[in-house]
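In what follows, a structure is listed as structure tokens, so that the remarks can point back to it.
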Amino acid sequence: MKRDSEPRSDDMKLRVARTLKWNVVDKVSTQVLYAVTGIILARLLSQADFGLVGALLVFQAFASLFVDSGFSYALIQRKAPTQEDYSTVLWFNVGMAVAIYLLLWVGAPLIAWCYQGDERLIPLSRVMFLTFILNATAIVQTNRLMKRMEVKMIAVSNSLGLAVGALVGIWLAMTGYGAWAIVWQSVALSGTKSAVLWLTGGWRPSWRFSWPALKSFGRVGMGVMGSSALNTLFQNIYSFFIGNRVGMVALGYYTQADKWSKMGISSLSAILTSSFLPVLSQYQDDRERFASSTAKMNRSTAYLLFPAVGMLVVMATPIFHALFGEKWDASIALFQLLLLRGIFTVLSGLYTNYILSKGRSRLLVVSELLRDGVAVVAIVLTLPYISLSSPSDFTEGVRIFVVGQVVASAVAWVALLFIGARIAGRSAWEFCFDNIPYLAETLVVMLPMTLLAGIIENPWLLMAAQGLVGIGLYWLLNRMGGSKVQADMMAYIKGKL
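Numbered by the numbering used here, the letters in the sequence shown go through residues 1105 to 1601 in order.
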């Protein structure tokens, strides 16, 4: 059986360096293009337009799980996938995408029924879900390049896709197409990315489909899919209930708050996971070094997390006013609450890494069920209030709903705190003490930043002043307190390490 040829190089470090370089380029360019496009569209489109697309994204997220079924992850995990393996997974992905698209095309009226019978969702969904098929054609091409550590064209395809999608979306928004601008932006992005990968990837599938090959990916693929399904459920269930109970305008406000709060939180969580997990795995059999490493990782995380979130909470109003005007003011409080929830999300994810590095799979399942169970309780308790509103506070009930999730995240964090501390061979109090100094410094920094809001009216000037004061004062407090974390980071920046 012919195996897909893989590039060979005598200098693995050079390959890794190139991979890292293009991953950084991909991340930076993607975030910049995504942010710029998001700001422009937020100014041009209405809250209801974003709410309509947010409603469709709930169904798109779940359907995407079944399109791939975790097999792309299994492909990357396999040491030497064959041509038959790649071809089989490609045809499976495309076949599932077409089947799911046809199912959702027929079921589009039911989607509208879920959201108070809003028939605008029917044509929007039938075009939006074309992205299933387009994305399915790109999965294997992307994974094959990742496997070969040739990620340059992945970065290029992402950037070109975002650029073309931005041009299409902005032009349609400016010409009055409303929610269709976001829908066709998504289709253009997916189509461009897939086209670039097929034109430059240098791989073509065989006209073969192997059930034994597909079954060989089943154990890993189904495991990944099961874990992803739970995660996807609790990432999107809030949008579903808001759209179902309150309507598209309220969902639009929530969608904007959720999108912008996740940009920083998700990036920080991904950085911590990729940076810390390999080190922890090396020390899993050395109790003392493992405990010492968790202390350093807790402090490093707290040093970055608390000031980042605290400063964004204080600066939320000038940020929204500077970027969007006063159009999205109802999103500001939701944005602040979701940032607070992000603190517990990042810390819980950090403790999960400690569990994962020890190979305690049962505890991972317990921790996931614990977080999901607490979230369900919070939903049950706050859902009756989700529709509350007043002329002066349109999103009062939605805010109560989100507060419930903040509390649920805090409760889950407490439980994971004890589990993580036990895994690390330390006490829960020691874990807390790793965080307390940086939390206290952040609270001190937030006070003068808040006072500046009563002095400076221009949002751009206020944002700049608050940022400079916050960063400067935080750095000074850590310098005076002799923070080892800050000293190490400054030394690294200066090239001393």
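Think of the CB as a built atom: it goes at the ideal place given N, C-alpha and C, for glycine as much as any other residue.
Cα-Cα separation between residue i and residue j, rounded to whole angstroms
| i | j | result |
| --- | --- | --- |
| residue 1288 | residue 1535 | 48 Å |
| residue 1507 | residue 1518 | 17 Å |
| residue 1481 | residue 1443 | 21 Å |
| residue 1544 | residue 1439 | 22 Å |
| residue 1222 | residue 1339 | 23 Å |
| residue 1516 | residue 1275 | 44 Å |
| residue 1491 | residue 1522 | 36 Å |
| residue 1550 | residue 1422 | 15 Å |
| residue 1410 | residue 1196 | 44 Å |
| residue 1249 | residue 1454 | 29 Å |
| residue 1345 | residue 1497 | 19 Å |
| residue 1499 | residue 1505 | 10 Å |
| residue 1425 | residue 1234 | 35 Å |
| residue 1230 | residue 1208 | 8 Å |
| residue 1538 | residue 1399 | 7 Å |
| residue 1285 | residue 1467 | 44 Å |
| residue 1567 | residue 1449 | 26 Å |
| residue 1211 | residue 1302 | 31 Å |
| residue 1569 | residue 1417 | 15 Å |
| residue 1162 | residue 1509 | 18 Å |
| residue 1445 | residue 1511 | 8 Å |
| residue 1217 | residue 1471 | 35 Å |
| residue 1281 | residue 1290 | 14 Å |
| residue 1189 | residue 1587 | 51 Å |
| residue 1295 | residue 1591 | 47 Å |
Assigned secondary structure, residue i (DSSP; H/G/I helix, E/B strand, else coil)
| i | result |
| --- | --- |
| residue 1222 | coil |
| residue 1433 | coil |
| residue 1515 | helix |
| residue 1365 | helix |
| residue 1397 | helix |
| residue 1298 | helix |
| residue 1607 | Outside the modelled stretch of the chain, which goes from 1105 to 1601, sits residue 1607, for which no answer is possible. |
| residue 1564 | helix |
| residue 1499 | coil |
| residue 1279 | coil |
| residue 1378 | Confidence is the limiting factor: at residue 1378 the pLDDT is only 49, short of 50, which leaves the residue's position unreliable and the question unanswerable from this model. |
| residue 1586 | coil |
| residue 1595 | helix |
Contact belief for residue i with residue j at Cβ below 8 Å, rounded distance in angstroms
| i | j | result |
| --- | --- | --- |
| residue 1240 | residue 1201 | 4 Å |
| residue 1501 | residue 1359 | 16 Å between Cβ atoms; not a contact. |
| residue 1270 | residue 1357 | Going by Cβ atoms, the distance from residue 1270 to residue 1357 rounds to 23 Å, so no, they are not a contact pair. |
| residue 1583 | residue 1395 | With a Cβ gap of about 27 Å, residue 1583 and residue 1395 do not count as contacting. |
| residue 1520 | residue 1452 | 5 Å |
Identity of the residue in the options nearest residue i by Cα
| i | options | result |
| --- | --- | --- |
| residue 1412 | 1365, 1435, 1421 | 1365 |
| residue 1405 | 1358, 1362, 1457 | 1457 |
| residue 1487 | 1415, 1341, 1270 | 1341 |
| residue 1312 | 1410, 1345, 1187, 1347 | 1187 |
| residue 1402 | 1496, 1447, 1491 | 1447 |
| residue 1150 | 1362, 1432, 1271, 1450 | 1432 |
| residue 1193 | 1140, 1137, 1310, 1306 | 1310 |
| residue 1475 | 1140, 1513, 1306 | 1513 |
| residue 1564 | 1495, 1540, 1429 | 1429 |
| residue 1165 | 1232, 1140, 1553 | 1232 |
| residue 1493 | 1353, 1214, 1236 | 1353 |
| residue 1574 | 1593, 1414, 1190 | 1414 |
| residue 1298 | 1587, 1283, 1315, 1262 | 1262 |
| residue 1148 | 1283, 1135, 1256, 1190 | 1283 |
| residue 1556 | 1572, 1542, 1590 | 1572 |
| residue 1541 | 1552, 1589, 1554, 1559 | 1589 |
| residue 1552 | 1577, 1561, 1532, 1562 | 1577 |
| residue 1580 | 1546, 1559, 1558 | 1546 |
| residue 1419 | 1532, 1477, 1560, 1485 | 1560 |
| residue 1152 | 1587, 1355, 1294 | 1355 |
| residue 1349 | 1308, 1483, 1205, 1189 | 1483 |
| residue 1135 | 1277, 1296, 1278, 1367 | 1367 |
Beta-carbon gap between residue i and residue j smaller than 8 Å
| i | j | result |
| --- | --- | --- |
| residue 1260 | residue 1300 | yes |
| residue 1219 | residue 1225 | yes |
| residue 1142 | residue 1363 | yes |
| residue 1273 | residue 1145 | yes |
| residue 1347 | residue 1158 | yes |
| residue 1441 | residue 1503 | yes |
| residue 1137 | residue 1238 | no |
| residue 1236 | residue 1215 | no |
| residue 1369 | residue 1459 | no |
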